[in-house]
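Everything below concerns the one structure shown next.
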Amino acid sequence: MHALQQWLITQRQQKGLSQLQLAQRLGQSIGYIEKIEQGDYVLEIIEYLHYCQALDADPSVGITLIDLAISKD
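Residues in the sequence shown are numbered consecutively from 1, following UniProt numbering.
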């Protein structure tokens, strides 16, 4: 699983949110959240920022994870 996906899942779980609750915060379907968490959908940057906002998570942490993953390649 991609590091960013895992981080987003962990953030959701640590906040005590179900996929449905997060979807409702974002005004999206649960399928949208499932696709993101399964890696079937890649968030655009503005979507990522909204996602982090809904999770009350610092988006710079996820960006750092992406940067570290790219640096390892």
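Ideal Cβ positions, reconstructed from N, Cα and C, are used throughout, including at glycine.
Residue nearest to residue i in terms of C-alpha spacing, selected from the options
i	options	result
L55	A3, H2, Q13	Q13
C-alpha gap between residue i and residue j, whole angstroms
i	j	result
D58	Y41	21 Å
L20	L65	25 Å
E34	K15	17 Å
L8	S60	12 Å
Y48	L4	10 Å
S29	I46	18 Å
E44	K72	22 Å
L68	Q11	18 Å
Own chain partners of residue i with C-beta closer than 8 Å, once the 5 adjacent residues on each side are dropped
i	result
Y32	A23, L26, Y41
L17	R25, L55
G62	L4, W7, L8, Y48, C52
Residues near residue i in its chain [Cβ-Cβ closer than 6 Å; skip 5 each side]
i	result
C52	P59
If we require 4 or more residues per run, which alpha helix (DSSP H) segments fall completely within the segment 2–46?
Residue ranges of uninterrupted alpha helix (DSSP H) with 4 or more members, entirely inside the segment 2–46 and ordered along the chain, are 3–14, 19–26, 30–38.
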